[in-house]
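Below is one structure, written out as C-alpha cells; the observations come after it.
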Amino acid sequence: MKLFIKTYGCQMNVYDSARMADVLASVGFGPAVSPDDADLVVLNTCHIREKAAEKVYSELGRLKILRDERIAAGGKDMLIAVAGCVAQAEGQELQKRAPAVDIVVGPQAYHRLSGMVSRLLKNRDQREADTDFPPESKFDSLPEESKPQGPAAFLTIQEGCDKFCTFCVVPYTRGAEFSRPVQEVIAEAKKLVLQGTREITLLGQNVNAYHGESPSGSIWDLSGLIRELATIDGLNRIRFTTSHPRDMNDDLIKAFSDVPALMPYLHLPVQSGSDGILKRMNRGHNRDSYFTIVEKLRSARPDLALSSDFIVGFPGETNADFDATMDLVKNVGFAQAYSFKYSPRPGTPAASQAEQVPEKLKSERLSRLQDVLNEQQYSFNNAMSGCFTDVLFDRKGRKPGQIVGRSPWLQATHVEVPEAEADNLIGQIHRVHVNRGAPNGLIATLASDEEVA
Ligand code: SAH
Ligand code: SF4
Ligand code: F3S
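Last residue of the sequence shown? That's 652 in the numbering used here, and every number before it is there in order.
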C-alpha cells in the first residue's frame with residue numbers, strides 16, 4: 200500500500216511527517232510519488248496563521264475530487280487523514296466541515312495512527328479521530344526510523360509551550376512543554392550518525408527551554424545536552440531551533456564560544472521592537488533584554504549570525520511601535536528573517552482585542568520591513584564574496600553537476616562540479632571559495648578535494 204504525506208508549517212511537522220511514515224511503514228505502507236497513486240494521503244497541517252489553516256481545506260477539496268474520479272474510473276479507494284495542528288485545533292469539527300476526511304490525528308497522538316488505519320481498512324464506513332494529549336509520550340511507542348534522513352537531519356528534543364504569547368496557537372495545539380530524556384536523544388543522534396548524518400538540528404517549539412532527565416536523574420539543560428552530543432564521533436555540526444529570548448541562559452551562550460560543532464547561527468525570534476507591544480504580546484522580554492542577549496552572544500562568538508521572526512500589525516501597533524521594530528532591525532542586523540502580518544487566531548487573547556490594525560496598513564508595514572530584511576540578507580551573503588568557507592553538501596541542484604549544501608551560517612550554497620563527481624560529494628564537508636552572494640545564498644567553487652573532518 201502506498202502513502203503520500205504533504206507537510207505544512209514548521210520543522211517540527213517535517214520531523215513528525217517522517218515519523219508518521221515510520222509508523223505506517225510498520226503496517227506495510229511505502230512511499231507514493233503523488234496523491235494520484237496513494238492509498239492513504241496524510242495532510243500534516245499548520246494552524247499558526249489563518250492562511251496556513253485555510254490551505255488545508257482547499258487541498259481537501261482537491262483530494263476529494265481526485266478520489267471520486269479515481270473510484271468512478273474503476274480505480275482504488277483513498278483514505279484521507281488530517282494530522283498536525285489544524286487537526287488538534289479543529290478536531291472533529293474538521294470532519295463536519297470536510298466530510299471527505301477519514302482520520303483526524305493530533306501531533307501528540309500519531310503513534311496510534313497504524314491502529315486507526317487498520318480499523319478503517321476493515322470497516323470503511325467508520326471515521327477515526329484522536330486528538331488526545333496522552334499521558335504516555337509518543338516517542339516511547341514510535342518505531343525505529345525506517346529511512347535515513349540524510350547528511351542534515353532533524354531531531355525533536357522538546358515539544359509544546361507554556362509561554363502563551365497572546366497571538367499564538369502553539370500552546371493549545373502542541374500542549375504543555377515536555378522534554379525528551381537525555382539518553383533517548385543521544386541514542387537517536389548516534390543512530391542518525393550511523394546512517395550518514397553529519398549535521399543535526401535539535402528541534403522544539405521552545406528548544407532552549409529543554410530540561411531533560413539524565414540517567415542519574417538530574418536535569419540537563421540544552422547546553423549540557425549539546426556538550427554531550429558534541430562528543431559523538433562523526434557528528435560535525437549541531438544547530439537548534441526555535442529559541443526564546445527568555446531561555447537564552449549564560450551556559451548556552453557560552454556553548455557558542457567553546458563547542459566548535461555548534462554552528463555560528465541562531466534563530467532568535469523577537470517579534471517586535473516596541474516594549475509596549477512586547478508586553479501586550481506577553482513575550483516576557485523587552486527590547487533592551489534582547490539587545491543584551493545579542494551582545495553577549497556576539498562577544499561569545501564574534502562571527503555569530505542571527506535570524507528572527509517578526510509580526511507586524513499586532514493589535515494596537517502604532518506608527519511609533521512599528522518604527523521601533525524597524526530601528527531594532529537596523530541595530531541588530533539579521534542574516535535572515537521571517538516576517539508576518541498579524542493573523543487573529545480563534546481562542547487566543549489578542550484576537551479579541553479592540554484596535555485591530557487595518558489589513559492595508561499591515562501590508563504596508565510588512566513590505567517596508569521586508570525591504571530592509573531582504574537588503575540585510577543580501578548584504579550578509581555578499582559580504583562573503585571572495586571568502587573561503589566549509590559547506591556540507593546535502594543534495595543535488597537543478598542543473599546537471601550542480602550540488603547544494605549549507606554553509607555554517609545556513610546559507611544555501613550552490614557549487615558546480617563535473618557530473619560524475621556530484622554523487623560522491625553529497626554527504627561530505629568541503630572547503631569552498633565563494634564567488635558571490637545571491638539574495639538567498641551563495642555561489643561558490645570547490646576549493647579542495649579533501650574532506651574537512
Ligand atoms: N516557538 C517559536 C515560534 C513558533 S511560531 C517562538 O516562540 O519563537 C513561528 C512564528 O510565527 C512566530 O515566531 C511568529 O512570528 C509567527 N506567528 C505566530 N502566531 C502568529 C499570528 N497569530 N500571526 C502572525 N504570525 C504569527
Ligand atoms: Fe508561540 Fe510564544 Fe510559545 Fe513561541 S513562545 S510557541 S510564539 S506561545
Ligand atoms: Fe504550525 Fe503547529 Fe508548527 S501551528 S508552526 S505546525 S507547531
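We put the CB at the ideal spot given by N, CA and C, even for glycine. Predicted, not measured: the structure shown is a model, and the values here were computed from it.
Can you give me the C-alpha to C-alpha distance between residue i and residue j, rounded to a whole angstrom?
i	j	result
F228	R497	48 Å
E620	K595	11 Å
D235	L265	7 Å
P414	R597	46 Å
N435	A652	8 Å
G423	G283	30 Å
S506	E398	19 Å
D276	K201	11 Å
G664	A299	Nothing about residue 664 can be read from this structure; the chain reaches only from 200 to 652.
A386	R426	15 Å
R318	L223	13 Å
D487	G314	51 Å
V241	D522	42 Å
D474	A519	11 Å
I247	V368	6 Å
K254	D508	22 Å
M447	T491	11 Å
Y537	K561	15 Å
L461	R323	50 Å
M219	H310	7 Å
R293	A286	One point to set straight first is that residue 293 is Leu, not Arg, in the sequence displayed. Using only the alpha carbons, I get a separation of about 7 Å.
E343	I476	44 Å
D215	H443	21 Å
K529	V316	51 Å
N573	Q470	17 Å
L535	K321	Per the sequence shown, residue 535 should be read as Gln rather than Leu. Cα to Cα, Q535 sits roughly 49 Å from K321.
For the alpha helix (DSSP H) containing residue i, name the first residue and the last one.
i	result
T372	369-372
C329	The amino acid at residue 329 is misidentified as Cys; the sequence shows Asp. Counting along the chain, D329 falls outside any alpha helix (DSSP H), though it belongs to the beta strand (DSSP E) covering 327-329.
A499	486-499
F455	449-457
R218	210-224
E344	First-last for E344: undefined, no H or E at that position.
N623	618-624
L461	Run containing L461: none; DSSP gives neither H nor E here.
R318	312-321
Should residue i be listed as close to the ligand MN, given that the test is whether its C-beta is under 8 Å from any heavy atom?
i	result
G283	Only the ligand SAH, the ligand SF4 and the ligand F3S can be found as ligands here, which leaves the ligand MN out of the picture.
Is residue i helix, strand or coil by DSSP?
i	result
V384	helix
I204	strand
L527	helix
S378	strand
Y537	strand
F587	strand
V672	A query on residue 672 cannot be resolved here, the shown segment of the chain reaching from 200 to 652 and no further.
E554	coil
R261	helix
V300	coil
E516	coil
How would you write the range of the beta strand (DSSP E) that residue i sits in, first residue to last?
i	result
D420	418-420
K478	Here K478 belongs to no beta strand (DSSP E); instead the alpha helix (DSSP H) covers 474-479.
A611	611-615
A646	640-650
F353	351-355
E656	Nothing in the structure corresponds to residue 656, since the chain is present only between 200 and 652.
P631	It should be pointed out that residue 631 corresponds to Val in this sequence rather than to Pro. From DSSP, the beta strand (DSSP E) with V631 extends over 628-637.
Going by DSSP, name the residue or residues bridged to residue i.
i	result
H466	S506
V603	R594, H613
R269	According to DSSP, which records beta bridges pairwise, R269 is partnered with nothing at all.
E398	A351, R436
T244	G283
G229	K201
L278	L239
E358	F377
V392	Paired residue(s): none; V392 is not in a bridge.
With a cut-off of 9 Å, does the C-beta of residue i fall near any C-beta of chain D?
i	result
S317	Annotation note: the requested chain D is absent from the structure, which comprises a single protein chain.
Cβ contact check for the stretch 340-354 and the stretch 386-403: 3 or more pairs under 8 Å: The answer is yes - the stretch 386-403 touches the stretch 340-354, with three or more Cβ pairs under 8 Å.
Are the stretch 600-615 and the stretch 629-641 touching by the rule of at least three beta carbon pairs closer than 8 Å? Look at the beta carbons and you see the stretch 600-615 touching the stretch 629-641: at least three pairs across the two are nearer than 8 Å.
contact_flag[the stretch 325-343, the stretch 296-313] where n(CB pairs < 8 Å) is 3 or more: Yes, the stretch 325-343 touches the stretch 296-313.
Any 3 or more C-beta pairs closer than 8 Å across the stretch 629-638 and the stretch 576-595: As far as the Cβ criterion goes, the stretch 629-638 touches the stretch 576-595, which means the pair count is three or higher.
Using 8 Å as the cut-off, can you tell me whether the stretch 510-517 makes contact with the stretch 484-502, which would need three or more C-beta pairs spanning the two stretches below that distance? With a cut-off of 8 Å, the stretch 484-502 and the stretch 510-517 do not count as touching, because too few Cβ pairs lie within range.
Is the number of C-beta pairs between the stretch 349-361 and the stretch 402-420 that are closer than 8 Å three or more? Yes, the stretch 349-361 is in contact with the stretch 402-420.
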